[in-house]
Amino acid sequence: MIFDETSGKRSEERLDKRLYLVTVKNEFMGYQRQSGRPGIRNYLLILNVTGLTEPTARRISANLPGSIMASTPYGMGMIGDDAQKTEATLSGLALNPNVGAVLILSADRSRCDLIMSHLQGCKKPIKTIVFDQVGHDSLRMSDEGMRQGAVLMRDISRQQRTPQPLSALFLGFECGLSDPTSGIAANPLLGAIADSLVKTGGAMVMGESLEWLGLEEVLAARAVNPQVAQNIRDAVLHREACAKKSGINLLGINPNRANIRAGLSTIEEKAGGSVAKSGSSPISAVLEYGQRTDQPGVFLMDAPSYTPESLTGFVAAGAQLMLFTTGVGNSYVSAMAPTIKISGNDLTAKHLPQQIDFDCSAIMFGRDPNDEIQRLLNTIIEVASGAQTFGEILGEGSEVISRFGPSL
Amino acid sequence: MNNTHSLAPSISALMLKAQDDVANLLQASCTAQEVIVTGCNDVALALRCLEDIPRFHKIALRDIDIGAAVVRDGYPIGRATHYIKAGNWVHIHNLQSSRAQSGNSLKERT
Chain A
11 MIFDETSGKR SEERLDKRLY LVTVKNEFMG YQRQSGRPGI RNYLLILNVT GLTEPTARRI
71 SANLPGSIMA STPYGMGMIG DDAQKTEATL SGLALNPNVG AVLILSADRS RCDLIMSHLQ
131 GCKKPIKTIV FDQVGHDSLR MSDEGMRQGA VLMRDISRQQ RTPQPLSALF LGFECGLSDP
191 TSGIAANPLL GAIADSLVKT GGAMVMGESL EWLGLEEVLA ARAVNPQVAQ NIRDAVLHRE
251 ACAKKSGINL LGINPNRANI RAGLSTIEEK AGGSVAKSGS SPISAVLEYG QRTDQPGVFL
311 MDAPSYTPES LTGFVAAGAQ LMLFTTGVGN SYVSAMAPTI KISGNDLTAK HLPQQIDFDC
371 SAIMFGRDPN DEIQRLLNTI IEVASGAQTF GEILGEGSEV ISRFGPSL
Chain B
2 MNNTHSLAPS ISALMLKAQD DVANLLQASC TAQEVIVTGC NDVALALRCL EDIPRFHKIA
62 LRDIDIGAAV VRDGYPIGRA THYIKAGNWV HIHNLQSSRA QSGNSLKERT
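These protein sequence lines map, in sequence, to chains A and B.
The working numbering numbers the first residue of the first sequence as 11 and each following residue consecutively.
The working numbering numbers the first residue of the second sequence as 2 and each following residue consecutively.
Shown next as structure tokens:
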């Protein structure tokens, strides 16, 4: 068994034995689902679909340690694209493989039914509680939610991890507070992982479409067909036009002040480092924000660059695990998908020893990247099999759905 | 920082592609310090730093005309807003994005 409950503390000897085992096996221990990819965690998701019930959802989740809450602060009055993408994201979160069971909370039955309509065919246990059925009493909803949630948690806790092929992984790739080491060491390392994973039939997604700027033709050349190539160009042009229309000069906004202090001068320079994450394999499609996919391959998500909403888009797409590079340091992680924090900056890794899970700074000083690829793959297998990331241990995670338009 | 030029040891910089105009320093450098640039096809070149440059920031490998594209990792990362000499620090004071800007003189696309 490669999963070690005490892995928050790292004994090199124990780590080496475990790594040897998984390197030979080339698989991880995950939760088989009745359909789709296996989970690497087995959470009860408290899915709050209306703003009115959010405090209740928070109370229920706080009283069910180990459960995860994802929530929208809105609900009524959402229209058009905003309503459609929010629904798709909420249901995508429920369908994520790391979720073993779902408890949906809603102020009204119609909103709850709408989300449920997206979850037809989903085999995992789902319970719903709406204000209508508890006399609009938030304390009764809390009581009922804790009771139903407790039963769901006990049921899913009986599930056992079983061996799963690496190709069952869908990774989300993110960078936050980059510096020049991100583009030189950490992101190319992720690119190598992407190529290796996709070759075996796995999947990865990269977002932050503004940060493809200047590299859109490089990405378009990797598209599987001309339509996908055009979607890549359109996504960048759309973001660039948004910035221009708002009268924003990207210089000083992206790269931001921390990026600039660290040595990144322009969006083109930052983008070059950023897209290196996606490797060199063919790009299968450009996904909309939160759009689900069960397919293997490299996916780009046309999405905002800010980390919280970006990561939630990946979780809704179905990613079980995040690889997150940082130059300066960035504490934020996904709540639902374990997030491995990676830095190519030796000083950052030294200053943030309980934030950076993987220090790849040796690449900056001449280490063969191939050695680091194997070491990172081993860490991925370890975390996919249950080893905790610092972000999980410290509770740095949340889920934040992006905004898409005006509401009534 | 030690400014006694002859005593300061040389420091390293990484050039990512052979056609690059800039390289990233692996340590902070002082004025007149020698910089050994490696990372590309085992070709090493040496130059003098013209000013103090922070760690991981960019040093110009050749003279760059005002308005010229600045190439790093094989592609343009913006344009020079001043004349840049080999050995100068290249950053936002003399390099600007060519994209997504409003209200400045460098609007044209590369």
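For each residue, glycine too, the CB sits at the ideal point set by N, CA and C.
Do you know offhand how far L223 of chain A's Cα is from E278 of chain A's?
6 Å
Who are the Cβ neighbours of M163 of chain A in its own chain at under 8 Å, not counting the five residues just before and after it?
L54, L74, G76, S77, A111
Where M79 of chain A and E409 of chain A are concerned, what is the direct C-alpha to C-alpha distance, given to the nearest angstrom?
8 Å
Could you check the C-alpha separation between V38 of chain B and L404 of chain A for me, to the nearest Å?
41 Å
Return the residue from the list A:S256, A:G282, A:T358 that minimises the CA-CA distance to D367 of chain A.
A:T358
Can you list the residues of chain B that G201 of chain A reaches, using a CB-CB cut of under 7 Å?
Those within 7 Å of G201 of chain A in chain B number zero; the least Cβ separation is about 13 Å.
Report the CB separation of F400 of chain A from K351 of chain A in whole angstroms; it is logged as a contact under 8 Å.
7 Å
Please check the pair V393 of chain A and L321 of chain A, which I expect to be a contact at CB under 8 Å, by giving their CB distance rounded to whole angstroms.
In fact, because the Cβ distance is near 15 Å, the residues do not count as touching under 8 Å.
Indicate whether at least one CB of chain A lies closer than 8 Å to the CB of K86 of chain B.
no
Excluding the five sequence neighbours on either side, which residues of its own chain have a C-beta within less than 6 Å of the C-beta of V34 of chain A, listed in chain order?
Note that V34 of chain A has pLDDT 43, beneath the 50 cutoff, so the model's placement of it is unreliable and the number below is only indicative. Here the set comprises nothing.
Which ranges would you report for the alpha helix (DSSP H) in the stretch 164 to 245 of chain A if only whole runs of at least 4 residues count?
197 to 209, 226 to 230
Does S30 of chain B get closer than 8 Å to chain A when you measure Cβ to Cβ?
no
Could you check whether the Cβ of M374 of chain A sits closer than 8 Å to any Cβ belonging to chain B?
yes
Residues of the stretch 286 to 316 of chain A with a CB closer than 9 Å to any CB of chain B: list them in chain order, please.
A286
Would you verify that the beta carbon of G282 of chain A is, or is not, closer than 8 Å to some beta carbon of chain B?
yes
Can you tell which of A:N340, A:G46, A:L62 has its C-alpha closest to the C-alpha of D142 of chain A?
A:L62
Any residues in the stretch 208 to 242 of chain A with a beta carbon nearer than 9 Å to a beta carbon of chain B? Which ones, in chain order?
L220, L223, G224, L225, V228
Could you run through the stretch 175 to 196 of chain A and flag, in chain order, every residue whose CB is less than 9 Å away from some CB of chain B?
D189, P190, T191, G193, I194
Name the residue from A:G273, A:N264, A:L362 whose alpha carbon lies nearest to the alpha carbon of W90 of chain B.
A:G273
With N266 of chain A as the anchor, note down where its alpha helix (DSSP H) starts and where it stops.
Unbroken run through N266 of chain A: none, as it is neither H nor E.
Compare the beta carbon distance of L297 of chain A and V238 of chain A with 8 Å and say whether it is the shorter of the two.
no
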